[in-house]
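The opening residue of the sequence shown carries number 1 in the UniProt record's numbering; numbering runs sequentially from there.
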Amino acid sequence: MKQLVVLLAVRSRAEWIMASGVIAGLIYCAAYLYQNNYLPPPFFYEPDDTFADWFNTAFWARQPGSYDTWKTVYPPLSFVLIRFLGIDSCYPDRRSYDFSAGLAARSCDWLGVVMIFAIFFLNLWLVWRVYRKNDRATAIPRTICLGLGMPMAYALERGNLVMLSFTFLVLGVAPLLRSARLKWLAVGLAVNLKVYLIVAPAMLILKRRWRWAECALLSVVLVYMASYAILGRGTPAEIFENIRDFAQLPSGQVLDQWYTTTYQPILKLINEGTFPLAGLIGSRNVDLAQFILPLLVLSAQGGIVMALAATAIRPEVVPTYRVVTLGILLALITTEPGGYTMMYFMLFVLLEPWRGVARRWAITMCYILAVPLDIVIDKTFPMPRETYFGGGTSTMINYYVTLGPFIRPLLIMTIAYALSALTVVTVWKDVRADGWSRRWRFRRDAPLLPMVARPAPPRNGA
């Protein structure tokens, strides 16, 4: 008993120390903002673009050209919801040729600004509820990590709908709502805001939760049909075409690497860009990066696929939150949806107990990724820019090449490595112990492995 108390104290102290690093980073960012009227890296490099993701979407929600002119990849629900969260009179029918036309509404649409912060604080409260229910001892530091960390803070600065999709994701998969129907609806809303979240309900198929997965996926379809009927545009063909066009855009400048989660932008910069990366890290290292980085991505993807296959063999020994984590990691490692999407897998990683090397590593990486700071390794050209927090005044902005884009994707992949290995080892131990034979409810399922003892009925009183 005494050893358990000591272990809990050490665990709590370690996480509080890491959470204090997140708080220290936020204090530094606030001081930097107060002094310079713009946020330091890794926040977005355009200081006048604050809340742009919200207000540009709100503008095009009131215009007919969102899919053929603005080339958005958002499903119709994004435009349906955001139109009700703002003031119509602040978005007159003008400047439709300007892809950032919504920025002019920031000083008028006070309701939109209020809704951005309301969603942010709602998420903070929901995260605290989830972690308090999971483990009271680590609830506060883990809430700081996810609710106030860099991914959520970055989404707040951008005003991105990733925050609203996160709200629905928490309501849909976390143990907060009692009604299964409300959970299915929340999952449908989340997926219709960010399509790659489709992996969350799909992963439950591996857990053999057939009804839950089917109803959640049906909710996705019904929510899409309803939102499409309301908006009148945004067919699957239009969305797919815009996603394809967006994926083919070149990454021609170093600023495109500002807050990334994969090595795709760096590889595009090497192959297509004009920034002299070889002069910064050497031509030999550039050639080495072209060879090693794709191998790292493939190895992480392969490890996740192995872990998911192992889960299908022994679904009961792998917790649901781990399966969803692996699915989201696979989606985020394969694509480049932006740094704020790290909040999705961090939500589930921080449900893991502080036990064992793999879990501790994954949790520690989440705390490191949550620190809102970056390390400058080189300086690029200064440029005059208007600043939103400075009231539109122009100032000289120093742009930097930072370490984050080079190591952040690797840190994310190490989380995938750790949890994948843990899952495979857990399943292997269960196979060796013949755990299948003790799970009567799987008696009609295929065992998926040869020479496996069939489940036996439970004994009376067992």
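In this text, a Cβ means the ideal position worked out from N, Cα and C, and glycines have one as well. All of these numbers come straight from a predicted model, not from anything done at the bench.
Secondary structure of residue i, DSSP reduced to three states
i: E15; result: helix
i: Y400; result: strand
i: E386; result: strand
i: K379; result: strand
i: I266; result: helix
i: F44; result: coil
i: V431; result: helix
i: L169; result: helix
i: D93; result: coil
i: V317; result: helix
i: S78; result: helix
i: P175; result: coil
i: I87; result: coil
i: E241; result: helix
i: P455; result: coil
i: E157; result: helix
i: Q38; result: The sequence shown places Tyr at residue 38, rather than the Gln named in the question. It is coil, neither helix nor strand.
i: L4; result: Residue placement at L4 cannot be trusted, given a pLDDT of 46 that sits under 50; what the coordinates show is reported in the next sentence. It is helical.
i: Y417; result: helix
i: T261; result: coil
i: V297; result: helix
i: G461; result: Note that G461 has pLDDT 43, beneath the 50 cutoff, so the model's placement of it is unreliable and the number below is only indicative. Correct three-state label for G461: coil.
i: P353; result: coil
i: V425; result: helix
i: D374; result: coil
i: V73; result: coil
i: L206; result: coil
i: T57; result: helix
i: T311; result: helix
i: D287; result: helix
i: G391; result: coil
i: P337; result: coil
i: G21; result: helix
i: G234; result: coil
i: F246; result: helix
i: F51; result: coil
N- and C-terminal bounds of the alpha helix (DSSP H) containing residue i
i: V130; result: W110 to N134
i: K183; result: A180 to L193
i: E214; result: W210 to L231
i: T320; result: T320 to T334
i: S66; result: Segment: none, S66 is in no alpha helix (DSSP H) and carries neither H nor E.
i: Y367; result: G356 to A370
i: R142; result: A139 to G147
i: R106; result: Premise fails: R106 is in no alpha helix (DSSP H) and is neither H nor E.
i: F348; result: M342 to V349
i: P201; result: V199 to M203
Range of the contiguous beta strand (DSSP E) that encloses residue i
i: S394; result: S394 to I397
Sub-7 Å separation of residue i and residue j beta-carbons
i: V221; j: L189; result: no
i: L124; j: G147; result: yes
i: R158; j: D53; result: yes
i: P390; j: N37; result: For the record, residue 390 in the displayed sequence is Gly; it is not Pro. Taking 7 Å as the Cβ cut-off, G390 and N37 qualify as a contacting pair.
i: W409; j: N398; result: According to the sequence as given, residue 409 is Pro; it is not Trp. No, the pair does not count as a contact, with Cβ atoms beyond the cut-off.
i: M413; j: P151; result: no
i: A19; j: P141; result: yes
i: F243; j: V431; result: Note that residue 243 corresponds to Ile in the displayed sequence, not to Phe. No. Outside cutoff.
i: N192; j: L77; result: yes
i: I87; j: T57; result: no
i: F55; j: A105; result: yes
i: V297; j: T311; result: no
i: Y131; j: T143; result: yes
i: S227; j: V80; result: yes
i: A370; j: G149; result: yes
Contact belief for residue i with residue j at Cβ below 8 Å, rounded distance in angstroms
i: L176; j: L126; result: 7 Å
i: L326; j: L419; result: 6 Å
i: T402; j: D374; result: 4 Å
i: L308; j: L206; result: 6 Å
i: L33; j: P372; result: No, L33 and P372 are not in contact; Cβ-Cβ is about 11 Å, not under 8 Å.
i: Y340; j: V162; result: 5 Å
i: T167; j: L122; result: 6 Å
i: V195; j: P75; result: 6 Å
i: P47; j: Y388; result: 6 Å
i: P405; j: E336; result: That belief does not hold up - the Cβ atoms of P405 and E336 are roughly 11 Å apart, past 8 Å.
- Message: So, does the stretch 420-433 touch the stretch 343-362, judging by three or more C-beta pairs under 8 Å?
- Response: In this structure the stretch 420-433 lies against the stretch 343-362, because at least three pairs of beta carbons, one per stretch, are closer than 8 Å.
- Query: Below 8 Å, can you find three or more Cβ-Cβ pairs linking the stretch 225-235 to the stretch 56-70?
  - Reply: Cβ pair count under 8 Å is three or more, so yes.
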